[in-house]
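Quick note: the sequence shown uses the working numbering, first residue 1366, plus one each step. Ideal Cβ positions, reconstructed from N, Cα and C, are used throughout, including at glycine. Keep in mind it's a predicted model, so treat the numbers as computed, not measured. Here's the structure, in structure tokens; my notes come after.
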Amino acid sequence: MIGEVKRKVSIIGAGFVGATTAFALMNSGIATEICIYDINMDKAMGEVMDLVHGTSFVKPVNIYAGSLEETKDSDIVIITAGAGQKPGETRLDLIGKNYNIFKGFIPDIARLSPNSILLVVSNPVDVLTHIAYKLSGFPKERVIGSGTVLDTSRLKYVLGKYFNVNNNNIHSYVIGEHGDSDVVTWSNGRIGGEGFDLYAKQMDLEWDGEVKKVIEDDVKNAAYEIISRKNATYFAVALAVNRIVEAIFRNENSILTVSSLFEGQYGLKDLYLAIPTVVNREGAKNIIEIPLSKDEEERLKESATILKGHLKECNL
Ligand code: NAD
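The following block contains the structure:
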């Protein structure tokens, strides 16, 4: 199905997330060419040397450390460059630092790969995706944030453990900001077509506000818990990014909670937030306006208000 077509991915930033994303892409075989650019060329070179020594174990892929110019004609540009989240620091604390970093390379990326899809992973991802959208001048479909694809996977993991069901049979979303104000959409959650309430009853499991709160907190605090132990999170996000890249290259029309530009959905517009979105070869094709409970919609709007405040600080 994939054939011999060129599928060039450039990764901006060869840190923990950039390097593991390259490793995930290399393992999945979805890209034919991976160019890794980092302001610290030695870091990019070192990661590439380590990666290419494994290429005899995977599908053919040309991996190299390149200059910004060498990202030219990429199909997808994944942006992981930026300051990482330090212990005790929120993602939103990173805005100022990463805004300046983005100003340094987004216009060049847009010039070098004018038909590419930009996939922003750097935090705060929703704000930085908006910044990339503005700085690139690309249509909204072609500027996507990794959003809460990772958070949704974390939720499925925690629910899978609680209900003792394969994560893949659990349908539930985390939407809104990838961060402290994210929203779990309990009202539309399903296991094998059944609502959580009914499923829990059948399994004789407790299912009340307290249980949900513990699960929400587990998901919300996951990054902080990991960062306090190993200073960064990268394996799961790399797999989440690989999943988005697959959905794009395979023209899957898959529904993923990427960060997409709102244009009136739920009464919100002119901001990027994570929401179930159809992802295909054109990028973030369209937002699915899933039914939300009153409380969930209010919390989504609160998340939007927080992000709007941050966009204002950046004059966007
Ligand atoms: P890191 O510090 O290990 O790597 C960042 C890399 O960016 C470094 O190698 C640095 O040299 C490079 N860099 C800095 N400025 C650059 C520039 N102007 N041009 C090119 N490269 C530049 O950090 P990390 O742990 O890899 O995290 C990267 C980003 O990803 C952070 O913003 C982090 O918060 C974010 N992140 C997002 C998610 C998510 O789900 N969206 C999950 C984990 C981490």
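Query	Result
Within-8 Å CB hit, Asn1645 to chain D	The structure shown contains no chain D; it is built from a single protein chain.
Distance, Asp1458 Cα to Leu1477 Cα	30 Å
Continuous alpha helix (DSSP H) stretch holding Asp1583: start and end	Gly1574 to Lys1585
Residue span of the beta strand (DSSP E) that contains Leu1626, given as start and end	Ser1624 to Glu1628
Environment of Phe1470 [buried if 16+ CB atoms lie within 10 Å]	buried
Cα-Cα separation, Asp1415 to Leu1563	49 Å
Segment contact flag, the stretch 1654–1666 with the stretch 1521–1531, C-beta cutoff 8 Å, min 3 pairs	no
Backbone CA spacing between Asn1465 and Tyr1498 [nearest angstrom]	15 Å
Nearest-angstrom beta carbon gap, Lys1373 and Asp1438 [assumed within contact, 8 Å]	6 Å
Separation of Leu1636 from Lys1673, as counted between CA atoms	7 Å
Segments of 3+ residues assigned as beta strand (DSSP E) that fall wholly inside the stretch 1393–1437	1398–1402 and 1427–1430
Simplified DSSP state of Leu1390, which is helix, strand or coil	helix
Cβ pair Val1687, Val1382 closer than 8 Å	Nothing can be reported for residue 1687, as the shown portion of the chain is limited to 1366 through 1681.
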